[in-house]
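In my numbering, each residue carries its 1-based index in the sequence shown increased by 190. Taking it in order: structure first as structure tokens, then the write-up.
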Amino acid sequence: MHAQTEMPVPSGQEPQDSQARQDQQDERKGPLKRFRILDLTRVRAGPTCIRQFADWGADVIKIESPEYMEVSDGWGGLRDGPDFQNLHRNKRSLTINLKDPQGRRIFLDLVKDADVVAENFRPDVKFRLGIDYETLKAINPRIVYASISGFGQDGPYAKRPGFDHIVQGMGGLMSVTGDPAHGPMRTGIAVADTGAGLYCAMAIMTALLEREVSGQGQWVQVSLLQAMIAMCDFQAARWLFLKEIPGQPGNNHPTSIPTGVYPTADGYINIAAGEQAMFRRLVNAMGVPELMEREEYSTEQGRSDNRASLNAELSALTRQRTTAEWMQRMEEGQVAAGPINRMNEVFADPQVKHLGIATPVRHRRLGDVEMVGQPFSLSRTPSQMRTAAPDRGDDTDALLRELGHTEEDIARLRREGVI
């Protein structure tokens, strides 16, 4: 018996909204409907990965600790906030104490029919809990086991806690971001976490495709550090290939000038006109075709060498009109340009509305809300926004019934602190 706070014991009748959630889950559709994923992930990188499967129809079971254990998902009291809700939609929630032998047995019963187990614990935790890949492989050789870590499953940094902004620095991103006058700069989004999550989703997909040939699962490993370096892409390749150390270009493109941010009468505008034909279109749209004939600006290399003077001249011109006026001119002149929107302006943009990336879903307590939808579409099997993020343990009773547990058994497990 575990010491615990008083917990409600099911009366044998679930609330009506639980049945509504089950009905919505029964409506799962999509190309990944045949897969079941056991989601042990928390915070951001792991949930970003698993969201890719949940939105496309996979049966995702979010494994959480029972409430009395006071172990959060890394979000504290922010479960009803936009971040958690956006990351954990379309899932079912099962609470089990994995440190309890009975709880571990429940998890292992789920593993028998699962396709994927995903975790982002510290590398040693899964071994202490007895839910590591080799253990699960013995139960289900087809299991694809995905591990996300800060720095890798082994090596000198394996036990370090991995946080997005730390990895942004270690992976090189901060050294090429921002203005050199102000020192290194992190990005405004969790790019290392998000990148690791998306790379992990691709890795799991690859392992599932390979399993169709071999019939065997495998251990997928992704780290924030590797993902961050991979996302540095051409900047990282400059060092590996040419031994050039990229610097901080600020809002300029490292090599293609003019590409950057220019002030307008009421804000700012982004312009990308580095190559010859586009620069000609730009100066024509701005009414200064003679800039193209100036020797220092007539070639791509010349514009890169003289970027400071060119940007100063262009900025003096862009300040004379509003962003909307410049956007009209740029569009008419077929110049690559765009406004710099605040988030409210992003979702008010007619093209964004047309794309429909703001996706509605009904939360049983919060009402009608919108989530950030998938950035790609399939013509026959679209993604779904079926359910909002579950409350902790929302689906525990239903999932245990699926495993064959009786109402009396479920009540006992709850009394004993197993669920």
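We put the CB at the ideal spot given by N, CA and C, even for glycine. Quick caveat, the model's predicted, so the values are computed rather than measured.
*Ranges of the beta strand (DSSP E) found wholly within the region 252–334, counting only runs of at least 3*: Within the region 252–334, the runs of beta strand (DSSP E) at least 3 residues long that lie entirely inside it are, in chain order, 281–285, 306–309.
*Under a Cβ-count criterion, where at least 16 other Cβ atoms within 10 Å of its own Cβ denotes burial, should A328 be classed as buried or exposed?*
It is exposed - the Cβ of A328 has fewer than 16 other Cβ atoms within 10 Å.
*Within this structure, are the beta carbons of T571 and K219 separated by less than 9 Å?*
Going by C-beta atoms, T571 is nearer than 9 Å to K219.
*asked:* I'd like to know whether the C-beta atoms of V301 and N330 end up nearer to each other than 9 Å.
replied: Yes.
*Cut-off 6 Å between Cβ atoms - residues of its own chain near T586, not counting five sequence neighbours on either side*: Its chain contains L284, T285, I609 as the residues whose beta carbon lies nearer than 6 Å to that of T586, once the 5 sequence neighbours on both sides are disregarded; these appear in chain order.
*At least 3 beta-carbon pairs within less than 8 Å: the region 512–520 vs the region 534–554*: Judged by Cβ distances under 8 Å, the region 512–520 makes no contact with the region 534–554, as fewer than three pairs qualify.
*Distance CB(V357)-CB(L414) smaller than 9 Å*: In this structure, V357 sits near L414, with a CB-CB distance shorter than 9 Å.
*For R226, which option in L398, Y258, A579 has the closest C-alpha, if you only look at C-alpha atoms?*
The shortest C-alpha to C-alpha distance from R226 to any of L398, Y258, A579 is the one to L398.
*Would you kindly work out how many angstroms separate the C-alpha atoms of I338 and R519, rounded to a whole number?*
Here the alpha carbon of I338 sits roughly 47 Å from the alpha carbon of R519.
*asked:* Check for me: the alpha helix (DSSP H) holding N501 runs from which residue to which?
replied: Here the alpha helix (DSSP H) through N501 covers 497–508.
*Measure the C-alpha to C-alpha separation of D584 and D270 and round it to an integer number of angstroms.*
The straight-line gap separating the alpha-carbon atoms of D584 and D270 is approximately 14 Å.
_Sheet register partners of A336 (DSSP bridge)_ = Residue pairing from DSSP places A336 in a beta bridge opposite A308, V410.
*Could you tell me the boundaries of the alpha helix (DSSP H) in which E522 lies?*
According to the DSSP assignment, E522 belongs to the alpha helix (DSSP H) that extends over 513–522.
*Alpha carbon to alpha carbon, what distance is there between M476 and L507?*
Cα to Cα, the separation comes out at about 8 Å.
*Using only alpha-carbon positions, find the residue among G361, Q466, F317 that is nearest to Q343.*
The residue with the shortest Cα to Cα distance from Q343 is F317.
*asked:* Once the 5 residues before and after G385 are set aside, which same chain residues still bring their CB inside 6 Å of it?
replied: The residues are A417, M421.
*Residue ranges of each beta strand (DSSP E) within the region 547–593, 3 or longer*: Unbroken beta strand (DSSP E) runs of no fewer than 3 residues, entirely contained in the region 547–593, are found at 548–553, 557–562, following chain order.
_Secondary structure of Y487, DSSP reduced to three states_ = It is helical.
*Would you list the residues sitting across from Y347 in a DSSP beta bridge?*
Y347 is not bridged to any residue.
*Tell me where the beta strand (DSSP E) around A455 begins and ends.*
That residue, A455, is in no beta strand (DSSP E); it is neither H nor E in DSSP.
*Relative to the C-alpha of Q524, which residue among N280, K281, I461, D599 is closest?*
Among N280, K281, I461, D599, the Cα nearest to that of Q524 is on I461.
*Taking C-alpha atoms, which residue in R582, V559, L545 lies nearest to P565?*
Ranking the options by Cα distance to P565, first place goes to L545.
*asked:* If distances are taken between C-alpha atoms only, which option among R282, R279, L319 comes closest to L298?
replied: Of the listed residues, the one whose Cα sits closest to L298 is L319.
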